[in-house]
Amino acid sequence: MQFTGRGRRKLSRLAGDARGDLYPHSLQFYLQPPTENISLVEFENFAVDRLKLLKLVENLGVSYVKNSTEYKQKLEAELRRLKFPYRALVEDDYEARRKDHISHFILRLAYCQSEDLRRWFIQQEMDLFRYRFNQLNDQLVEKFLEYVNLAYDATGAAEKASIADKLINSTSGLNMAKVEEMEFYKVPFCDAVDLVRVRRVYFHGGYAYVPHQDIITIVLNNYRTKLSKALALTARSLPVVQADERLQPLLSHLSHAYVGPDYNIQKNTGKISLEQIDALSVKSFPLCMRQLHKALRDNHHLRHGGRMQYGLFLKGIGLTLEQALQFWKSEFIKGKVDADKFDKGYAYSIRHNYGKEGKRTDYTPFSCMKIILSNPPGQGDYHGCPFRHSDPELLKQKLQAYKIPSAGIGQILDLVKGMHYQLACQKYFELTHNVSDIGWSLNHPNQYFIESQQLLSGIKEIKKEQKQLENSQPKHSSQKSLNPATATTSTSLNHIEEMELEGLDDCFTED
0 MQFTGRGRRK LSRLAGDARG DLYPHSLQFY LQPPTENISL VEFENFAVDR
50 LKLLKLVENL GVSYVKNSTE YKQKLEAELR RLKFPYRALV EDDYEARRKD
100 HISHFILRLA YCQSEDLRRW FIQQEMDLFR YRFNQLNDQL VEKFLEYVNL
150 AYDATGAAEK ASIADKLINS TSGLNMAKVE EMEFYKVPFC DAVDLVRVRR
200 VYFHGGYAYV PHQDIITIVL NNYRTKLSKA LALTARSLPV VQADERLQPL
250 LSHLSHAYVG PDYNIQKNTG KISLEQIDAL SVKSFPLCMR QLHKALRDNH
300 HLRHGGRMQY GLFLKGIGLT LEQALQFWKS EFIKGKVDAD KFDKGYAYSI
350 RHNYGKEGKR TDYTPFSCMK IILSNPPGQG DYHGCPFRHS DPELLKQKLQ
400 AYKIPSAGIG QILDLVKGMH YQLACQKYFE LTHNVSDIGW SLNHPNQYFI
450 ESQQLLSGIK EIKKEQKQLE NSQPKHSSQK SLNPATATTS TSLNHIEEME
500 LEGLDDCFTE D
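Residues in the sequence shown are numbered from 0 upward in steps of one, following numbering that gives the first Met the number 0.
Next comes the structure, spelled out in structure tokens:
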């Protein structure tokens, strides 16, 4: 696989190994695309690893104070584990820098396809960049600014002494000792608008005097602008890339890729009875499946999107084919569908789910990302992710009906507002199970069910809440990078999933 791009400009070497001409620094703006040949396997592995990294960045960002000790420790550990650059002065990390460079451009291709995807990608890349920049010492900061053509003049000792009182008065947290030891940069007004607007810097003669601790704001704004423009340009050229039949399936699935276990029924067959489903829906179903179950019981019918999502979930938690046929038939005949119509119009699709009809494909339950990003619900539908697709006020009413404390509802709605839908579901798990610090990241509805059952049965113990929810600060899980159940990496990115679903959709077209 070859990345093509215009002529690579010559880069000055800052730090690194003998191949520093290609990757002279562990930090960059990703201005030049890679031009080397890589295999499809490496292409896929790089993309999946960076996706894992960015998802961890997102989780840590809402679980810890950014740049706190715990935040930095967990992010560095993940950078080490996935073999990405984690320290600017490491001499032998050429391969890590190469992987960082290439994987960034691969995800650009996957995440330039919609405004939501672009917004998510920019936010996580910005947070990752902020962490890396803060690891640089003063000397490397100056060299990096020069490297990316942001070489601002440092204020001389004499000039700094002459305006020391103004610097102290205009910048919070400074005293004379700090002013004397801290580096200040003269930044043109147009580059420091955000800092001037909030009155955090001294401004004189068209220049803002920015302390070293705040130069990150200038750099991040510049990076965001460049990355946003780059994504827009990538989106325009995407049709050319998608014409490559080798890349198109990979790029189509990367933006909502799930690389954990598939929760196939073979591991759980026959573990639940039909009589247990109502009780399980209350105590162990994620909100999306609880919503579908309630709609089915109330209306005695689900449209095809709901049947696909809920039917495969039930299959994954252990419902056999015979149980599934009995479950759906007994419910549908309570409504407007008689037994004969069910046998002719719906039974085939259920058998198709279980690989007994059509292509004999054994379909797997939908992951969170697939539910969030695929097939949004319309009028009369109940599928999808309630945290993503429900009106916030309706979601609030639903959570109140399920006896979620008001403080917990506020935390969930804050996560929803920040578009952290899986973390909102994870907070829902914590609140309904009265636990905190659960130590795993939620990626799949069936994972939610299994973790709930293990907790309720005593197989797994999780730290109980120490304080009343109303008095607690918003604290989300520690978000370890992957729990043991999701450690297995799929090398195919479920790239046959779309072909499978085409056939499955056909089987569910009747409402």
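Just so you know, even glycine gets a beta-carbon here, dropped at the ideal spot from N, CA and C.
From a predicted model like this one, the values you see are computed outputs, not experimental measurements.
According to DSSP, is residue i part of a helix, a strand, or is it coil?
i    : result
V140 : helix
H100 : helix
S471 : Annotation note: pLDDT 40 at S471 (below 50); position unreliable, no value reported.
F515 : The requested residue 515 is not part of the displayed model; the chain covers only 0 to 510.
D152 : strand
V434 : strand
D380 : coil
A242 : coil
T360 : coil
H388 : helix
C111 : coil
W119 : helix
L26  : coil
L127 : helix
N442 : coil
M418 : coil
L135 : coil
A191 : coil
I411 : helix
N66  : coil
V147 : coil
Taking the alpha-carbon of residue i as reference, which of the options has the nearest alpha-carbon?
i    : options                   : result
I332 : E321, T319, L320 and A346 : A346
V56  : L74, Q399, V200 and V64   : L74
S251 : F83, L291 and L372        : L372
G379 : T154, G304, D193 and A400 : G304
G409 : L273, K395 and E124       : K395
H299 : M125, F284 and E330       : E330
K270 : S236, L320, P248 and L81  : L320
D413 : V61, D92, Q399 and A163   : V61
L422 : A406, S405 and H443       : H443
F365 : F386, N221, L313 and S169 : L313
A231 : L301, R118 and C424       : R118
K416 : S440, L441 and P385       : P385
M288 : F326, I370, S405 and P404 : I370
Which term fits residue i, buried or exposed, when burial requires 16 or more other beta carbons within 10 angstroms of its beta carbon?
i    : result
K358 : exposed
E35  : exposed
S476 : For S476, the pLDDT reaches just 39, beneath the cut-off of 50, and the residue's location in the model is therefore unreliable, although a value from the coordinates is still provided. S476 is buried by the Cβ-count criterion.
E43  : buried
M307 : buried
A486 : With a pLDDT of only 33 at A486, under the threshold of 50, the placement of this residue in the model should not be trusted; the figure read from the coordinates follows. The residue in question, A486, is exposed, as its Cβ has fewer than 16 Cβ neighbours within 10 Å.
Q123 : buried
M175 : exposed
T431 : buried
L30  : exposed
V197 : exposed
R96  : buried
T224 : exposed
V178 : buried
I'd like to confirm the pairing. Which residues does DSSP put opposite residue i in its beta bridges?
i    : result
N44  : According to DSSP, which records beta bridges pairwise, N44 is partnered with nothing at all.
V209 : Y184
At least three beta-carbon pairs within less than 8 Å, the region 146-166 to the region 176-186: Taking 8 Å as the limit for Cβ pairs, the verdict is that the region 176-186 does touch the region 146-166.
contact_flag[the region 99-111, the region 45-56] where n(CB pairs < 8 Å) is 3 or more: With a cut-off of 8 Å, the region 45-56 and the region 99-111 count as touching, because enough Cβ pairs lie within range.
Three CB pairs or more closer than 8 Å across the region 446-455 and the region 277-295: Contact between the region 446-455 and the region 277-295 is present, because at least three Cβ pairs lie under 8 Å.
Inter-stretch contact (C-beta, 8 Å, three-pair minimum) for the region 125-134 and the region 210-220: Yes, since at least three Cβ pairs between the region 125-134 and the region 210-220 fall closer than 8 Å, the two stretches touch.
Three CB pairs or more closer than 8 Å across the region 133-144 and the region 200-207: Too few Cβ pairs lie closer than 8 Å, so no.
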